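Protein chains in written order, with this note's numbering: chain V, 1139 to 1643; chain F, 5 to 726.
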Amino acid sequence: MNPLFLLIPIVLPIFGGLALLIRPVENDIKRRILCEAVACVTSACVWAAALWMPHRPVTVYSFTRGFAVNFGVDGMANVFAVMISIMWPLVLLYAFEYMKGDEGSNRFFAFYVMTYGVTLGVCYSADMITMYVFIEMLTLVTIPLVTHYGGHESMFAGRKYAAYTIGGASLGFMAVVLTTMYGMDGIFRYGGSIFEVLDSGTMQLAFVLGFIGFGAKAAVFPLHDWLPTASVAPTPVTALLHAVAVVNSGVFAVMRMTYYVFGADYLRGTAAQAICLSLAIFSLLFGAVQALRERHFKRRLAYSTMSNLSYMLLAAMCMTPQGLKAGLAHMVFHGVIKICLFMCAGAFIHRARKAYIYEINGIGRRMPDTFAAYTLCALSLTGIPPLCGFVSKWQLLTAGMDAATEAAAGGAAGGTVSAILPYILFAGVAALIIAAFLCAMYSINISIRAFFPVEEKDLYKDSDVKEAGPLMLIPIYVFAACNILAGMFPGPILEILTAIGEGRL
Amino acid sequence: MLIAMVVFGPFIGAAAAAAIGKRNEKAGEYAALFVTAVVLGLTLVLAGAAGLSLIIPGILSGSGLTFCVTGFRAVYAVITAIMWVGTTLFSPEYFAHEKENLGRYKFFVLFTLGAVEGVMLSADLMTAFVFFEVLSLTSFTWVIHEETWAAIRAGYTYLFVAVIGGLLLFMGLVLLEHAAGTLSFAELSTALQGKGASADSLAQPQVLAAGILILLGFGAKAGMFPLHIWLPKAHPAAPSPASALLSGILTKVGVYGILMTALYVLAGDYRFGLIVLAAGLITMLLGAVLALFSINLKRTLACSSMSQIGFILTGIAVTVLMGAVGEEEAVMTALSGTVQHMINHSLLKLTLFMCAGVVVMNLHTLTLDEIRGWGRNKTALKIAFALGGLGISGVPLFNGYISKTLLHEGIVEAIHVMREAQESSLVTISATTAGNIANLLQVGEWIFLFSGGLTFAYMCKLFFCIFVEKNRDADVQEKFDSSGRCMNGVSTAAILGSSLFMVILGAPPVTKRLLYFATGSGHILEFAAFTPENMKGSAISLAIGAAVYLLVVKRVLYREDSYVNLWPERLDLEEGLYRPALTKWIPGVLIAVASVFGENKVLAPVCRRGLAAAQSAAAVFGEDKVLTPVCVYGLKLFQSVCYAVSISTDSLILTLRHSVFREKKVRRAGVGRMSRMRMLREGTAEAVRPILRNFTFALLMTCLGILVILGVLLIAIVKINP
């Protein structure tokens, strides 16, 4: 298969979106068909690429030596790409119903489809510079989606989002420059390609800046604040972009940088690892606590996303093959769970026109299917077997334990940092469990309220709130079913991820 | 195949029965009964097929689901099925007048049957854990069945204890898997051997930690102190058939997990034994005292369950302690007592809670004063309740006697063995430790006998109150006496049938055969139940009980013609400790920590804190005329620059918004004839505007980032080429 085939899934949605911007389609049905067709064809291309594409990078255009646009598929790219390729067409269905009657539909769907291409660009880019460009593009493309409703709050959210992520990416740019200059050529290779020219302190600084910078997209402390604010966006955006695509590109970028550019061996036992681990641990606890405090339904989920993204980064920062595997596993499974949770929240907001948790009392009777799915996903998020959240949490904990004991075994030889590292890792494992407790409290609480009104205040006894329509429910059903299926039979996925973690795929 | 039918059959059966029940209620009831009866039949067949095993690969990661049948597992599978048949027989009449949510309840009851059988037949901890979580969540619907606020609150407690227990268990399994590399019971003990901390039989710290976490996780379901808080709340709230199952079986699921951990993971570790012993003794005593003080029928029974679980845990502890010194016979005595008491308690609580159910469905109240004297003319109920009371108190000729005697003998033997070990100093355990353990066990024996006495006292309290005494209101008493049948034939049969077990299992030959089958040890067959020595323990207990009943219950807890609750309400672990800790203290601390960093508006707080830090740093230099002003003014300058930057950004955006990107009023006149070019232009402008509005600010951030990069690069280059 011609390697340039990869350009199709990246370029097709971008042009599709541009076409919709330039020639707005006023007919609802026509627009739906167009968007869905573009998304489906793109997804088909993604699957074709995953099945038949050889694993080697291709230079599309070379500006100068060491500065080129490279694309390529490998295991990690495939995992992310296939995951979002399943989600995008389904969430589009949901978006059709959610955005029905909205005046800016053309603009919304144009950018929504364009984002698909850009995210695939992040997946398929094969070197730091290309990835950086696409990460920046991703921010620019999604700003109009965040500011879609146009009110003061939305505008503020958009500005904040831009400031945080573009500002963050500019920190990441430093890692890009340094690795391109002092690495072989910045192309992703498992195990990294850093020459030991520069002293290790500067490289570690570069790594930490890159972690914070790309981590801004993954809402890692200290650049986390945009994520809850951005939940003013329409729910399809929060569900797909701020729970899966955009935030996971941040995690993806950090993982790429860690395992494919710097190399886990280069970083293991350094101060950089300790700092990044601490940041991840702090943000995962912080997110969970804030989620517990938050009264706004979507913002609570956003904080929970922040917490869960840090689980992935925590695993990735273990700098072990199991760590990468666990991080990727949580990326996939958390994506499935959280997208469903957000869609349920969106269905509630769409139908009941309410947004706060104390307004949920009793809605379960009116929207039983939505909240049954919500409950299932909430349990999964907490880590109850046999749902898929349990599988990834198990992976995370074992990876953490393994890394901690390894660090403890090797810690005697090194200096202060390697003496502290095992404790940080053990603290990470403990933090995971504490966060799971908090998660149980903030997520299951909602479904109890929905079905069994607190203090006998059923707000919806005589209301005419109806269950969400079929276009909304189908994706919810599909993802809820995925929860059970992936939880019962995680074998094949985990096998692939193990191979990726060990650099075999 | 047989195992699969027992475990997964109820899942399908539940759905089928629910579907049938939706069309025709009566048929649904028959279908449910049919499913439970079939499961009972299948488990009986299983009991004859010990050694059978089933592996379902591919489900979950790792080894998949594995099941096996051993004597003990088969016995408990049968007991589970018996419990379900009993309660299913009783349910139709109990629920005759409350149809709301009945479909949900019935579905989840049958569904839970499968999950319980799954735990009971599991051959590895992972399988047990999966089914354990399933039954934790499905049984939640029993507790909140009535959907009153009290029930929902009890449900919250139940659910959070279940979830927290589940997570503790989860962590324990992770630690154990990490240490041993397997979770299969058969492989665990060999995998852990040779991994001990030293030559003796102590496990390495990680395994011990795993064991404690698993103990807490399963203990949460078993009602072990300090996670017992759900028991006294959930039982009065749940429907009575559900209470019978919660108390009779679900607590045993927890005990089953603890027993398996004790036998396969930490068999020879006396530290684990001591922890279980402490938990068991506290649970035993606290449960009995709470039961004695309670003035609510089902609350008393719930606290009694807790107390009996304490007896069982003590048995497990003695098993572990004896394993530590390698006394096989003493191990078998304690183990037999444990298993027998588990079985007895399941069946006892089946009978007693069904009796309580009869009271509830007739009177709709559980307070002792209001139901006093009701049972004076209900002979069948009186017999059943009396049998239950005699059984649970350990009166000779009834089932509780044998198990309690076995447990007591286990403790006495253990004290004896430990005293010997103290003198002969074994390899596995030092003399001082053995002495301490012996003293502790001595205390344990007293608590054991005393709690046994309290059991008798609170059962007397219940029995005399309901079936002998007269109500303080003569009119009410008259109404009670003139009321007719309190239950229909099926329920009577179910209750009397279940109470028959008290007598059957009270016969030593039957019990011995059963235990021989369950534990596979011939040692038990030599056990003589009615020796004077054994009778003595029981007699002491009963004497204490009678004394407590006459002196405490009738004198102190019975005032002015009514039973009073003298238990101070503030001594409630949940309200006093857990709820505030979980909802206020822990989040409070985390929030306090978080708010130091959390509420960041990017630059301002950093500046402020940086300034403060710099000032304090400068203060160190004190009299330095140069450095101090530089620090202070430098940071003030930095602060002003930041302020200026943000002001200018905002003004830039404002200016742009009012000039270039000003929202133009669209002329509405000729919408139809709007030129294509203009539509294109305005469409694009509309699309691009949000980007541009945010662009300046973002651009600025980019520039700042690039400046930082350049700076660092410069440093780097200077460093390379000095």
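Ideal placement from N, C-alpha and C gives every residue a C-beta, glycine not left out.
Note that the structure is predicted; figures quoted are calculated from it, not measured.
If you check the CB distance, Ala1383(V) and Thr1277(V) do not come in under 9 Å. Secondary structure remark: continuous beta strand (DSSP E) runs of at least 3 residues inside the region 308–342 of chain F: none found. Non-local beta-carbon contacts of His232(F) in its own chain, meaning distances under 6 Å to residues more than five positions away in sequence, involve Met310 in chain order. Burial is judged here by how many other beta carbons sit within 10 angstroms of a residue's own beta carbon; Ser495(F) has at least 16 and is buried. For Ala543(F), the closest alpha carbon among the candidates Leu325(F), Pro240(F), Ala155(F), Ser397(F) is that of Ser397(F).
In the structure shown, Tyr1494(V) falls within a strand segment according to DSSP collapsed to helix, strand and coil. At a cut-off of 9 Å between C-beta atoms, Gly221(F) does not count as an interface residue with respect to chain V.
The bridge partners DSSP lists for Val1427(V) come to none.
Met1579(V) has a beta carbon lying within less than 9 Å of a beta carbon in chain F. Check the Cα spacing between Ser503(F) and each of Leu394(F), Gly488(F), Val123(F): the tightest is with Leu394(F). Within chain V, Ile1586 have C-beta atoms less than 8 Å from the C-beta of Tyr160(F), given in sequence order. Scanning its chain for C-beta atoms nearer than 6 Å, with the 5 sequence neighbours on each side dropped, one finds around Arg1587(V) the residues Ile1498, Asn1499, in chain order. One finds Ile1582, Ile1586 in chain V with Cβ atoms closer than 8 Å to the Cβ of Leu163(F), taken in chain order.
Judged by DSSP secondary structure, Ala1545(V) falls within the alpha helix (DSSP H) whose first and last residues are 1526–1548. For the C-beta of Ile1267(V), not a single chain F residue is nearer than 9 Å; the gap to the nearest is close to 14 Å. For Ala1206(V), the three-state secondary structure derived from DSSP is strand. The CB of His182(F) comes closer than 9 Å to the CB of Leu1535, Thr1536, Met1539, Asp1540, Thr1543 in chain V, given here in chain order. With a 10 Å radius around the Cβ and a threshold of 16 neighbouring Cβ atoms, Ser1556(V) comes out buried. When Cβ-Cβ separations below 9 Å define contact, Ile216(F) makes no contact with chain V.
Taking a C-beta distance under 9 Å as the contact criterion, Glu121(F) and Ala85(F) qualify as a contact pair. For Val1346(V), the nearest beta carbon of chain F is not closer than 9 Å to its own beta carbon. Using a Cβ-Cβ distance cut-off of 8 Å, the region 1268–1286 of chain V and the region 1302–1313 of chain V are in contact, since at least three pairs of beta carbons, one from each stretch, lie closer than that value.
DSSP places Phe133(F) in the helix class (H, G or I) of the three-state scheme.
The beta carbon of Val120(F) sits no closer than 9 Å to any beta carbon of chain V.
Among the residues facing chain F, Ile1498(V) is not included, as its CB has no counterpart in that chain under 9 Å away. The CB of Phe174(F) comes closer than 7 Å to the CB of Gly1521 in chain V, given here in chain order. Under the Cβ distance rule, Gly1625(V) counts among the residues neighbouring chain F, one pair being separated by less than 9 Å. DSSP places Thr186(F) in the coil class of the three-state scheme, outside both helix and strand. Taking C-beta atoms under 8 Å as the contact rule, Glu150(F) and Ala241(F) qualify, at a distance of about 7 Å. Counting only runs of 4+ residues, the alpha helix (DSSP H) found wholly inside the region 456–519 of chain F occupies 478–486, 493–508, in chain order. Ile148, Glu151, Trp153: these are the residues of the region 142–154 of chain F whose beta carbon lies less than 7 Å from some beta carbon of chain V, given in chain order. Per DSSP, Ile59(F) is one residue of the beta strand (DSSP E) stretching across 57–60. Contact between the region 1478–1494 of chain V and the region 1598–1607 of chain V is present: three or more C-beta pairs spanning the two stretches fall below 8 Å. For Ile168(F), the residues of chain V that pass the 9 Å Cβ criterion are Phe1575, Ala1578, in the order they occur in the chain. Nearest Cα to Leu1150(V) within the set Thr1513(V), Leu1142(V), Val1176(V): Val1176(V).
Out of Gly176(F), Val73(F), Met87(F), Ala81(F), the CA that lies nearest to the CA of Ala127(F) is found in Val73(F).
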